[in-house]
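>
Number of protein chains: 2
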Amino acid sequence: MSRPRVVIVGGGFGGLSAARALRRADVDILLIDRTNHHLFQPLLYQAATAALAPSDISAPIRWILRGQRNVATRLGTVERIDRAARTIALAGVDEPIPYDYLILATGSRHAYFGHPEWEEFAPGLKSLDDAQAIRSRFLLALERAEWEPDPQARQALLTFVIVGGGPTGVELAGALPEMGRNAFRRDFRHIDTSRVRVVLVEGGPRLLASFPESLSARAQRDLERLGVEVRTSTIVTGIDAGGVTLGAERIVTRCVFWAAGSVASPLGRALGAPVDRAGRVLVEPTLALPGDDQVFVAGDLAAVPWRDGLLVPGVAPAANQMGTRAARNILAQLKGRPMQAFRYANKGELATIGRHAAIASLGGGKVRIAGYPAWLFWLFLHVMYLVGFRNRLSVLLEWGFNYIFHQRAVRVVSEGRDGLR
Amino acid sequence: MSRPRVVIVGGGFGGLSAARALRRADVDILLIDRTNHHLFQPLLYQAATAALAPSDISAPIRWILRGQRNVATRLGTVERIDRAARTIALAGVDEPIPYDYLILATGSRHAYFGHPEWEEFAPGLKSLDDAQAIRSRFLLALERAEWEPDPQARQALLTFVIVGGGPTGVELAGALPEMGRNAFRRDFRHIDTSRVRVVLVEGGPRLLASFPESLSARAQRDLERLGVEVRTSTIVTGIDAGGVTLGAERIVTRCVFWAAGSVASPLGRALGAPVDRAGRVLVEPTLALPGDDQVFVAGDLAAVPWRDGLLVPGVAPAANQMGTRAARNILAQLKGRPMQAFRYANKGELATIGRHAAIASLGGGKVRIAGYPAWLFWLFLHVMYLVGFRNRLSVLLEWGFNYIFHQRAVRVVSEGRDGLR
């Protein structure tokens with residue numbers, strides 16, 4: 351009898367944790383991803399702000415799993431899932447791929463709240479390509495501003511609007527003025543990069559809504575000290591090539607970055623199981639589909655109730671824990687034991703605000719840290735968790751240099767990439 | 351009276367050296383480049399073979415020149431040069447840019463010997479974009495081979511043909527089998543990457559024609575020991591999606607890389623001065639244009655006689671020396687002194703062949719080194735010359751890891767990039 355075949359779709363935190371949790375299992379694992387690399391998403395904003403190179407925050411999936419002999423890795427895009435036949439189909443591949451167990455962990459993309467036409471003007475930040483697009487736009491805007499004779503056009507090029515006051519938006523907003531003030535200060539002759547205008551727009555009443563209120567307020571103060579204009583309770587009503595409309599107000603800008611909400615990967619709907627409004631799959635407490643214990647969903651793609659009517663948040667530790675739980679529930683079935691319900695162990699939340707400042711909420715908000723100690727804690731945790739020894743050292747080196755010399759080294763704008771229109 | 355205005359086009363070795371040689375001069379310098387970065391071309395093949403990140407071998411031009419207050423840097427593409435009016439025009443910019451002195455150092459692109467249709471199937475290696483395209487093709491070919499059921503199609507995916515036996519071709523050819531044998535060995539389950547087939551095709555009778563014959567022979571032996579098939583005196587007669595035709599022979603492959611000759615930047619012809627067959631400008635011994643001492647050409651774009659009927663080679667030290675000479679001849683004119691003829695100080699030639707092997711010809715071939723000592727010498731020189739303290743350290747770190755762990759860390763294939771058809 352051949353060994354059970356576990357197919358994992360997605361090489362993010364959820365998929366990788368699932369594969370690792372099955373490392374001693376008597377199964378054949380196939381891990382499929384659209385790209386060849388695992389991406390350390392918590393540091394993606396650093397690639398977008400020229401502080402780290404794409405290769406610093408990513409590693410080839412097959413390299414990560416090279417020592418685990420029961421895993422094979424395949425580059426491909428899943429197009430269809432046939433739960434009746436227990437197969438999936440890859441784009442451009444005729445032969446369907448059979449599974450005995452399927453773990454779907456394909457995450458989320460940014461969503462534009464019914465305005466897909468905004469995407470062209472306001473790139474979001476989910477992939478390395480996104481990070482490079484944002485980096486190019488930012489750098490090219492400064493290049494153009496340097497030689498723009500018209501003061502109004504120049505001001506538009508030096509204005510950056512970030513939509514969304516969650517961790518990604520706050521981290522981007524904190525990094526931009528810091529770059530202008532330090533890294534770029536001596537490089538330009540005609541513009542004063544320390545005077546870039548950064549506006550952070552949030553629809554809700556406060557930044558970082560998932561944190562305790564006192565920390566939200568602290569983050570806003572820290573950002574404002576850096577010169578960021580924070581607009582809470584402000585709704586974006588239009589984005590086009592010339593700027594952003596906020597109800598009656600118009601901000602003229604050439605660079606808008608989107609960090610305001612995501613929608614689950616379309617593969618969730620392809621399962622034919624119930625999904626919520628954001629496309630997340632309504633899984634059982636075991637993370638299996640209702641009525642189908644051979645298909646599991648982990649990470650951002652799963653809608654899992656947590657507390658106070660909230661869902662388990664779309665953060666890396668939650669995806670890791672779900673991936674592990676899904677894998678263990680497959681093992682339980684194979685051994686004839688009962689499956690267990692997923693329980694989110696909330697280690698806390700962290701967000702960093704420029705240089706030297708961060709906020710951390712630990713133990714469900716019981717421990718709150720802000721400022722420099724929180725920033726050191728953030729630094730320590732992120733280096734610890736970065737996948738792969740080599741990436742850790744390289745990031746430490748880059749950070750050391752950035753810290754000491756205020757340098758942003760990863761400033762390549764490739765020829766093919768325009769970014770600004 | 352305003353200061354003389356020196357416009358330098360090109361931020362490669364020639365242009366940067368020219369700018370630096372003018373650092374104490376009472377002139378206003380404008381350096382224009384199509385990209386925002388200086389590229390350390392001698393290590394470009396390492397970016398193409400996933401050993402170094404693009405940001406390791408490049409640095410923003412305005413960052414390199416940040417401390418030199420008489421230089422301004424501008425991102426732009428020169429479209430026209432009007433020597434009568436002494437202006438240049440940038441694409442998309444209405445206002446022409448005036449100059450008192452112009453230094454053109456825009457280098458060369460790869461040329462396909464009258465077969466521009468080959469470019470699509472056989473990318474060359476001149477820019478970071480080129481390096482990333484080659485890297486993606488190589489990595490994607492391995493990914494596809496891993497899951498290709500048909501043995502012949504699989505073999506085609508594991509066959510790599512490099513056209514051109516100069517330093518770039520030799521360095522690429524030496525790196526590929528080494529990668530397959532070490533870096534990727536444990537990552538794949540179905541293919542044996544140590545058995546990739548690498549064919550190096552050279553039209554002339556020997557590799558590295560500019561080196562002494564004994565070193566050419568040594569390089570060929572070293573490559574063959576790595577498993578590379580070296581075909582000298584072999585002319586490519588066709589390249590298409592399915593493979594390469596060498597007269598009567600056909601090599602079925604999905605990956606062809608082009609390292610066989612270059613043609614000067616089209617700006618040379620835009621000067622309206624005499625050029626040679628490869629588009630290089632036939633400059634005076636002073637590097638000025640015939641009859642126009644206000645326009646100089648430096649680097650690969652200049653055709654400068656050397657010895658034995660050869661031209662000064664298109665290598666970084668030659669470009670550096672020309673840039674400096676052009677700048678000094680401008681200074682001479684400003685000070686009313688006579689200009690001096692350019693004399694190439696040939697420091698020698700180097701090429702590396704995989705791990706632990708290289709060849710070096712110093713003092714016009716009087717000193718010849720091969721093997722491990724030459725490789726150590728190569729390593730030392732390239733680290734020494736890499737622009738910028740930070741890049742040097744980062745490269746040392748990468749190389750240390752690659753050396754100890756046989757790792758190729760920079761293996762990101764971005765989503766947008768297909769490469770293989």
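Chains B and W, in that order, give the protein sequences. Going by my numbering, the first sequence opens with residue 351, and the numbers climb by one from there. Going by my numbering, the second sequence opens with residue 351, and the numbers climb by one from there. Using N, Cα and C, we set each Cβ at its ideal position, and we do this for glycine too.
Looking at the structure shown, is His732 (chain W) part of a helix, part of a strand, or coil, going by DSSP?
If DSSP states are grouped into helix, strand and coil, His732 (chain W) belongs with the helices.
> Does the beta carbon of Val356 (chain W) sit closer than 8 Å to a beta carbon anywhere in chain B?
Not closer than 8 Å to any Cβ of chain B, the Cβ of Val356 (chain W) fails to qualify, so no.
> Any idea what DSSP makes of Val356 (chain B), helix, strand or coil?
If DSSP states are grouped into helix, strand and coil, Val356 (chain B) belongs with the strands.
> Please tell me whether Gly698 (chain B) and Ala707 (chain B) are closer than 8 Å, where the distance is taken between their beta carbons.
Against a cut-off of 8 Å, the Cβ pair of Ala707 (chain B) and Gly698 (chain B) comes out as no contact.
> Is the Cβ of Asn532 (chain W) closer than 8 Å to any Cβ of chain B?
Chain B, which has no Cβ nearer than 8 Å to the Cβ of Asn532 (chain W), makes this no.
> Any Cβ of chain W within less than 8 Å of the Cβ of Glu493 (chain B)?
Yes, Glu493 (chain B) lies at the interface with chain W (some Cβ there is under 8 Å from its Cβ).
> How many whole angstroms separate the CB atoms of Ser367 (chain B) and Gly673 (chain B), which I take to be in contact at a CB cut-off of 8 Å?
Confirmed, Cβ separation roughly 3 Å.
> Considering Cα atoms alone, identify which of B:Trp608, B:Ala653, B:Ala638, B:Thr636 is closest to Val625 (chain B).
Measuring from the Cα of Val625 (chain B), the nearest candidate turns out to be B:Ala653.
> Considering only the alpha carbon of each residue, which of W:Thr636, W:Asp642, W:Ala609 lies closest to Gly622 (chain W)?
Ranking W:Thr636, W:Asp642, W:Ala609 by Cα distance to Gly622 (chain W) puts W:Asp642 first.
> Are Leu381 (chain W) and Ile358 (chain W) closer than 8 Å when you measure CB to CB?
Cβ distance < 8 Å, so Leu381 (chain W) and Ile358 (chain W) count as in contact.
> Can you give me the C-alpha to C-alpha distance between Arg600 (chain W) and Arg675 (chain W), rounded to a whole angstrom?
Distance between the alpha carbons of Arg600 (chain W) and Arg675 (chain W) is about 48 Å.
> Hey, is Pro448 (chain B)'s beta-carbon within less than 8 Å of any beta-carbon in chain W?
So, not an interface residue.
> Inspect the beta-carbon positions of Val580 (chain W) and Leu596 (chain W) and report whether they are closer than 8 Å.
Against a cut-off of 8 Å, the Cβ pair of Leu596 (chain W) and Val580 (chain W) comes out as no contact.
> Could you check whether Ser566 (chain W) and Arg556 (chain W) sit closer than 8 Å to each other, using their CB atoms as the reference points?
Yes.
> Helix, strand or coil, according to DSSP, for Leu490 (chain B) in the structure here?
Reduced to three states, the DSSP call for Leu490 (chain B) is helix.
> Any heavy atom of the ligand SAH closer than 7 Å to the Cβ of Ala439 (chain B)?
Ligands displayed in this structure: none; no statement on the ligand SAH is therefore possible.
> For Gly769 (chain W) and Phe607 (chain W), what's the separation of their Cα atoms in angstroms?
Its pLDDT being 41, under 50, Gly769 (chain W) is placed unreliably by the model, and nothing is read from it.
> Would you call the region 419 to 426 of chain B in contact with the region 490 to 510 of chain B, where contact means no fewer than 3 C-beta pairs closer than 8 Å?
As far as the Cβ criterion goes, the region 419 to 426 of chain B does not touch the region 490 to 510 of chain B, which means the pair count is below three.
> With DSSP as the reference, label Trp497 (chain W) as helix, strand or coil.
Residue state, collapsed to three classes: coil.
> Considering only their Cβ atoms, is the gap separating Ala400 (chain B) from Arg536 (chain B) smaller than 8 Å?
No. Outside cutoff.
> Against chain B, which members of the region 533 to 548 of chain W pass a CB distance test of less than 8 Å?
Cβ contacts with chain B: Arg536, Asp537, Phe538, Arg539, His540.
> Should Ala434 (chain W) go down as buried or exposed, given a rule of 16 or more other Cβ atoms within 10 Å for buried?
Label assigned to Ala434 (chain W): exposed.
> Spell out the partners DSSP gives His387 (chain W) in its beta bridges.
Paired residues: W:Pro410.
> Apply the 10 Å Cβ neighbour rule to Gly442 (chain B) and answer buried if 16 or more other Cβ atoms are within range, or exposed otherwise.
Gly442 (chain B) comes out exposed.
> Below 7 Å on C-beta distance, what does Leu489 (chain W) contact in chain C?
Of the chains in the structure shown, none is chain C; the protein chains are B and W.
> Taking only beta-carbon positions, decide if Trp413 (chain B) is within less than 8 Å of chain W.
Taking Cβ atoms only, chain W reaches closer than 8 Å to Trp413 (chain B), which makes this a yes.
> Taking the C-alpha atoms as reference points, what is the distance between Arg767 (chain B) and Ala483 (chain B)?
Because Arg767 (chain B) sits at a pLDDT of 46, beneath the cut-off of 50, its placement in the model cannot be relied upon, and the following sentence gives the value as read from the coordinates. Looking at the two C-alpha atoms, the distance is approximately 8 Å.
> Can you find a C-beta in chain B that's less than 8 Å from the C-beta of Arg761 (chain W)?
With 8 Å as the cut-off, Arg761 (chain W) counts as an interface residue toward chain B.
> Between the C-alpha atoms of Ile411 (chain W) and Leu475 (chain B), what's the straight-line distance to the nearest angstrom?
Each residue's alpha carbon lies about 27 Å from the other.
> Out of B:Leu558, B:Val377, B:Arg355, B:Ile414, which one is the CA nearest neighbour of Phe363 (chain B)?
Residue B:Ile414 is the option with its Cα nearest to Phe363 (chain B).
> How many Å lie between Arg370 (chain W) and Thr702 (chain B) at the Cα?
C-alpha separation (whole angstroms): 39 Å.
> Rounded to whole angstroms, what is the Cα-Cα separation between Ser615 (chain B) and Ala610 (chain W)?
Cα to Cα, Ser615 (chain B) sits roughly 45 Å from Ala610 (chain W).
> Closer than 8 Å, CB to CB, is Leu425 (chain B) near chain W or not?
Yes, because at least one Cβ of chain W sits closer than 8 Å to the Cβ of Leu425 (chain B).
> With respect to the beta strand (DSSP E) encompassing Asp590 (chain W), which residues constitute its N-terminal and C-terminal limits?
Note, Asp590 (chain W): beta strand (DSSP E), 588 to 590.
> Arg459 (chain B) lies in the beta strand (DSSP E); which residues open and close that run?
Note, Arg459 (chain B): beta strand (DSSP E), 458 to 460.
> For Pro640 (chain B), is the classification buried or exposed, using 16 other Cβ atoms within 10 angstroms of its Cβ as the cut-off for buried?
Classification for Pro640 (chain B): exposed.
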